[in-house]
Ligand code: SF4
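Numbering (this note's numbering), first residue to last: 780 to 1085.
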């Protein structure tokens, strides 16, 4: 069906959309070229070092990871060294980093890299996705930040910028990825994606975006629409949701059980006394969940890291 002349003239053609997305990508890249945040994982292209960083970054903010990254990487220097530590050894070195299931998945990924890929981190999307704990975002990040491919990475920060600046509307993960891929400037995949992550983390933040300092303010679709309510980032797949209260949560109990076990095996009674003597069932549930996730094991003499 032909659109009426006035409506047709307002609808951007595919070529115009492509040009607009490329311009947005180039503008973000140019902004990043003036100075990215400094992180140790931005100093290397070594695939294992990038993989470790990306697993750490999955649920923790970059500045917090930066404090621990180099020390952790000196212990987990290669997939072989990580396997040699054993799962419990990796969990012990994960102290204070939270989300202990990531430590287990990293150990399992190292094991598969050693057994199936000769100790080298694979470079194809398909092989990366076959590793435990490596989902689409992390696989893309390894391709881009280790192997310098011109592909998109798409995490919560990127999804927010895409929804607001590129689309001015909420979107699905599939559509967001597709738009993100079209924005990558040729031969600039590494630096452009780092800039985009920084833009989402420091300027186009979830709450109170700093639009007056934004390098793409003049191109931002949401801004052009007068910041129409609701914020497009809010309903967009891939943007983070507020987490529940940590205090008193199952996640806190699980973390405390692992913390106590880092000094060695404990009896159930010792664990309950150390974690939550007022709520034995809560500690038992935490132990059960940790066993299911392969983080701890229960023997006749007590409970230990797996
Ligand atoms: S103008 Fe504001 S909302 Fe738009 S991309 Fe920049 S910081 Fe985000």
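Beta carbons are placed, not taken as given, at the ideal position from N, Cα and C, and that holds for glycine.
Inter-residue Cα distance where the pair is residue i and residue j
| i | j | result |
| --- | --- | --- |
| residue 1073 | residue 871 | 14 Å |
| residue 850 | residue 889 | 18 Å |
| residue 997 | residue 948 | 17 Å |
| residue 879 | residue 1084 | 11 Å |
| residue 1067 | residue 1034 | 13 Å |
| residue 973 | residue 855 | 24 Å |
| residue 785 | residue 1002 | The predicted model places residue 785 with a pLDDT of 48, which falls under 50 and marks its position as unreliable; any figure quoted below should be read in that light. Distance between the alpha carbons of residue 785 and residue 1002: 23 Å. |
| residue 934 | residue 1008 | 23 Å |
| residue 1032 | residue 1054 | 7 Å |
| residue 1028 | residue 1062 | 11 Å |
| residue 978 | residue 931 | 15 Å |
| residue 994 | residue 857 | 39 Å |
| residue 962 | residue 905 | 23 Å |
| residue 900 | residue 848 | 19 Å |
| residue 807 | residue 971 | 7 Å |
| residue 927 | residue 944 | 25 Å |
| residue 862 | residue 886 | 6 Å |
| residue 881 | residue 1050 | 22 Å |
| residue 958 | residue 800 | 8 Å |
| residue 1041 | residue 829 | 26 Å |
| residue 796 | residue 802 | 10 Å |
| residue 988 | residue 999 | 12 Å |
| residue 1025 | residue 877 | 12 Å |
| residue 969 | residue 824 | 10 Å |
| residue 937 | residue 917 | 13 Å |
| residue 1069 | residue 843 | 25 Å |
| residue 921 | residue 902 | 8 Å |
| residue 975 | residue 811 | 8 Å |
Cβ-heavy atom distance, residue i to ligand 1, below 6 Å
| i | result |
| --- | --- |
| residue 982 | yes |
| residue 988 | yes |
| residue 810 | no |
| residue 1003 | no |
| residue 996 | yes |
| residue 948 | no |
| residue 952 | no |
| residue 944 | yes |
Min CB distance residue i to chain B below 7 Å
| i | result |
| --- | --- |
| residue 920 | Looking at the structure shown, chain B is missing, and only one protein chain is on hand. |
Cβ-heavy atom distance, residue i to ligand 3, below 6 Å
| i | result |
| --- | --- |
| residue 959 | The model on display carries ligand 1 but not ligand 3. |
Residues bridged to residue i [DSSP beta-bridge criterion]
| i | result |
| --- | --- |
| residue 1045 | 1082 |
| residue 1075 | 1084 |
Note to self: As an exercise, report each continuous alpha helix (DSSP H) stretch of at least 4 residues that is fully enclosed by the stretch 931-960, in chain order.
What the structure shows: 935-940
Ordered list of alpha helix (DSSP H) runs contained in the stretch 865-894, each at least 4 residues: Counting only runs of 4 or more, we get nothing.
Review point. Which ranges does the alpha helix (DSSP H) cover as unbroken runs of at least 4 residues, wholly within the stretch 969-1015, from first to last along the chain?
Key: 1000-1003
_Quick check on the DSSP output: what are the complete alpha helix (DSSP H) runs of length 4 or more inside the stretch 822-867, in order along the chain?_
826-836, 841-854
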